[in-house]
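Engineer: Below you will find the structure I want to go over with you.
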Amino acid sequence: MSEREAFELTPKEENFSRWFDEVLFKAEILDERYPVKGMYVWLPFGYELMENVMNIMDRLMRETGHKRVYFPAIVPESVLSREFRFIKGFEDSIYWITRLGRRDLQEKLALRPTSEAIMYEVLNRWINSYKDLPLRIYQVVSVYRYETKATRPMLRVREIVFFKEGHTFHASYEDAVKQVELGVDIYKRFYDELLVPYVVVKTTPWDTFPGARYNYDLLTIMPDGKALELGSVINFGDLFAKTYGLEYMDENGQKKPVNTTSFGISERSLAALIAIHGDDRGLRLPPKLAPIQVVIVPIPTKGYEEEIDRYCKEIFSKVRIKYRTVLDDTEDRPGYKFYKWEMKGVPVRIEIGRKELEERELTISRRDTSERIRIAEDKLEEELDVLFHDIEENMRSMAREYFLERTYNAKSIDEIKGNVETKLVSFAWCGLEECGHEIEEEVGYGILGYEEDALIGSGEKCIVCGSEAKHRAWIGRSY
RNA sequence: GGGGCCGUGGUCUAGCUUGGUAGGAUGCCGGCCUUGGGAGCCGGAGGUCCCGGGUUCAAAUCCCGGCGGCCCCA
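Sequential numbering from -13 applies to the first sequence in the numbering used here.
Have a look at this one:
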């Protein structure tokens, strides 16, 4: 942290990484001064914001028939280790409990890196018959992964605090396929509400988790041009179920392996929202998510203090009925308060001074455009509804524009090379593994995924081999 | 994964080379005056100099180890 002033930020365009750290701290989202690397304290304002984000997800999950559960954070090694065969080095990324008090443990315990293993173990007892299927559950828990040296607040962490993981269980593979489509759809609706732009891709076979049949990712682009994985939807088919002996009895009395899927998102969703919408004054929050939607700032004038105070309270009592509202009647000067609440991303500010008092007309300033307007007091309620709708639509179109600015559709490998350092680049791909590898080799970055069958019938040619292109693939730097 | 730089009241930092009273700004508390984009003045509180060990009469300063942070490269 290099800035001295409480409400001043390193310009986002100059150094995104520094801007991001500063805004998290100065907007009171996270306290980064926790003495364990890769772990951070969530402050009240940040927690409330994240709760609002998670409430949207919770609603979407309930609407689509997923039931919330809780499985413990501690998993025995014998259960978890069956998963090790899928990922090389997986064991090294796990936090192990090896002692209880002064005694060494006979069997090590792990802090869950994800919950598939323990869930499948337990679900063996829940699932007996085809009548028990499909089963859709999810939980919001912390997961622990000792991964990278290069930790970053909210982006690359060792404790993912808000991990929403859905797990589903199906009789047929076809049902699992449909479930994955539903999972992708849930995530699309989620990010649409967050006003975060994304692209849905299927990961390449050589970059897909070995225990999975296939895997869809939602990707977005951060202001530094790097891709961020926003969510993942995995179809395991019966691979995982076979590992854990998860079977059901079908209509004919035959035992069959269960088909399973999982899908997860985390606080990275909020990281993307903050990174994409924030500016050099701080957060810019979508009205639906902002912990504080309206702030009222009194502008006292000598001799009118009491009248202005009374008027502010009157307006406050009206506005708070419908919107999460704060009346900032602290002793600070108005200008100071403007900067403070702009840092926190409050979408609408109402300024009330002598002028407003006498004219019965309020001054309203919107965070998304910095525009100031006057609204007659008796029209306030209806005008606020219109204004909030307008802010949301404006932020949505800003997000769309942002996404277009940072993507590039390349027609050749040279064009990829010329843009890949600053943008996410898409290109036409035939789908052959050797063409994919050649591009990765040439460009020096991995293919992040591809929009499946997006180019069938388009007439576009694979930029490597020149044959008919099937997919629009994406390549770039990533987190 | 490899290399480099760094850690001093809440925050930003001076002091470290050449060992000897930890200084400033900002923030915080009280008061006065004020309030339309970070006011000013007066008074006050606030420190394990990241942690542990070593060298020394004496360590923020020198040495070793650890923890934490940042940057570059893979």
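All residues carry an ideal CB built from backbone N, CA and C; glycine is no exception.
If Cys416 and Ala385 are in contact, beta carbons under 8 Å, what's the gap, nearest whole angstrom?
Structural biologist: Between Ala385 and Cys416 the Cβ distance is about 32 Å, and since that is not below 8 Å, they are no contact.
Engineer: State the Cα-Cα distance for the pair Glu363 and Leu271, rounded to the nearest angstrom.
Structural biologist: Taking the straight line from one Cα to the other gives about 25 Å.
Engineer: How do the region 54 to 66 and the region 157 to 172 stand: do at least 3 beta-carbon pairs fall below 8 Å, yes or no?
Structural biologist: no
Engineer: Assign Ser79 to one of three DSSP states: helix, strand, or coil.
Structural biologist: helix
Engineer: Going by alpha carbons, who is nearest to Leu366 out of Glu347, Thr355, Asp376, Ile377?
Structural biologist: Glu347
Engineer: Comparing the CB of Glu237 with every heavy atom of the ligand NAP, is any distance shorter than 7 Å?
Structural biologist: Questions concerning the ligand NAP fall outside what the structure shown contains, since it holds no ligand whatsoever.
Engineer: Please list the terminal residues of the continuous alpha helix (DSSP H) segment that includes Leu225.
Structural biologist: 225 to 229
Engineer: Contact check, Arg254 vs Phe222 under 8 Å by CB: the rounded distance?
Structural biologist: The pair is not a contact, with the Cβ atoms about 22 Å apart (cut-off 8 Å).
Engineer: Have a look at Leu275 and Leu256 and give me their C-alpha separation to the nearest angstrom.
Structural biologist: 10 Å
Engineer: Does DSSP put Phe324 in a helix, a strand or coil?
Structural biologist: helix
Engineer: Going by C-alpha to C-alpha distance, which of Lys150, Tyr56, Leu141 sits closest to Leu259?
Structural biologist: Leu141
Engineer: What does a CB cutoff of less than 7 Å around Ile442 pick up in its chain, not counting 5 residues either side in sequence?
Structural biologist: Lys456
Engineer: Relative to the C-alpha of Phe72, which residue among Pro196, Glu145, Val182 is closest?
Structural biologist: Taking only the C-alpha atoms, the option nearest Phe72 is Pro196.
Engineer: Below 7 Å CB to CB, which residues in the same chain sit around Ala414 once its five sequence neighbours on both sides are set aside?
Structural biologist: Leu441, Glu446, Lys447, Cys448, Ile449, Ala455, Arg458
Engineer: Enumerated in chain order, which unbroken segments of the beta strand (DSSP E) with a length of 3 residues or greater are wholly contained in the region 98 to 172?
Structural biologist: 121 to 130, 145 to 156
Engineer: Would you call the region 234 to 244 in contact with the region 147 to 160, where contact means no fewer than 3 C-beta pairs closer than 8 Å?
Structural biologist: Segment contact: the region 234 to 244 against the region 147 to 160, three or more CB-CB distances shorter than 8 Å; contact assigned.
Engineer: Once DSSP output is grouped into helix, strand and coil, what is the label at Arg358?
Structural biologist: The answer is strand: DSSP assigns Arg358 an E or B state.
Engineer: For Ile338, which residues in the same chain have their Cβ closer than 8 Å to its Cβ, ignoring the five residues on either side in sequence?
Structural biologist: Ile282, Val283, Pro284, Ile285, Ile294, Tyr297, Cys298, Ile301, Leu348, Thr349
Engineer: Mind the definition here: the region 184 to 196 touches the region 427 to 436 only if three or more C-beta pairs lie below 8 Å; say whether that holds.
Structural biologist: A contact exists between the region 184 to 196 and the region 427 to 436.
Engineer: Grab the span of the alpha helix (DSSP H) containing Val372 for me, first residue to last.
Structural biologist: 366 to 391
Engineer: Taking the alpha-carbon positions, what's the Leu216 to Asp118 distance?
Structural biologist: CA-to-CA, the gap between Leu216 and Asp118 works out to about 31 Å.
Engineer: Could you tell me which of His263, Lys330, Leu343 sits nearest to Tyr290, measuring between CA atoms?
Structural biologist: Comparing Cα positions, the closest option is Leu343.
Engineer: Can you tell me whether Ala459 is helix, strand or coil according to DSSP?
Structural biologist: In the structure shown, the three-state DSSP call for Ala459 is strand.
Engineer: Three or more C-beta pairs closer than 8 Å, one from the region 374 to 394 and one from the region 173 to 183: is that the case here?
Structural biologist: yes
Engineer: For Leu46 and Asp161, what's the separation of their Cα atoms in angstroms?
Structural biologist: Distance between the alpha carbons of Leu46 and Asp161: 20 Å.
Engineer: With DSSP run on the structure shown, which of helix, strand or coil describes Tyr200?
Structural biologist: strand
Engineer: For Ile262 versus Tyr388, is the C-beta distance shorter than 8 Å?
Structural biologist: yes
Engineer: Closer than 8 Å is the cut-off here; do at least three beta carbon pairs connect the region 108 to 128 with the region 29 to 36?
Structural biologist: no
Engineer: Ordered along the chain, which non-local residues of its own chain (more than five positions away) have a Cβ less than 8 Å from that of Arg310?
Structural biologist: Ala276, Pro277, Ile278, Gln279, Val280
Engineer: If you follow the beta strand (DSSP E) that Ser444 is in, where does it begin and where does it stop?
Structural biologist: Run containing Ser444: none; DSSP gives neither H nor E here.
Engineer: Rounded to whole angstroms, what's the CA-CA distance from Glu(-1) to Phe226? Just pull it up for me.
Structural biologist: 44 Å
Engineer: Determine the contact status of Arg352 and Ile377, defining contact as a CB-CB distance below 8 Å.
Structural biologist: yes
Engineer: Taking the beta carbon of Asp203 as the centre, do at least 16 other beta carbons fall within 10 Å, making it buried, or is it exposed?
Structural biologist: Asp203 is buried by the Cβ-count criterion.
Engineer: Please classify Ile350: does DSSP put it in a helix, a strand, or coil?
Structural biologist: The answer is strand: DSSP assigns Ile350 an E or B state.
Engineer: Mapping DSSP to helix, strand and coil, what is Gly268?
Structural biologist: strand
Engineer: Give me the DSSP bridge partner(s) of Ala213.
Structural biologist: Ile207, Ser464
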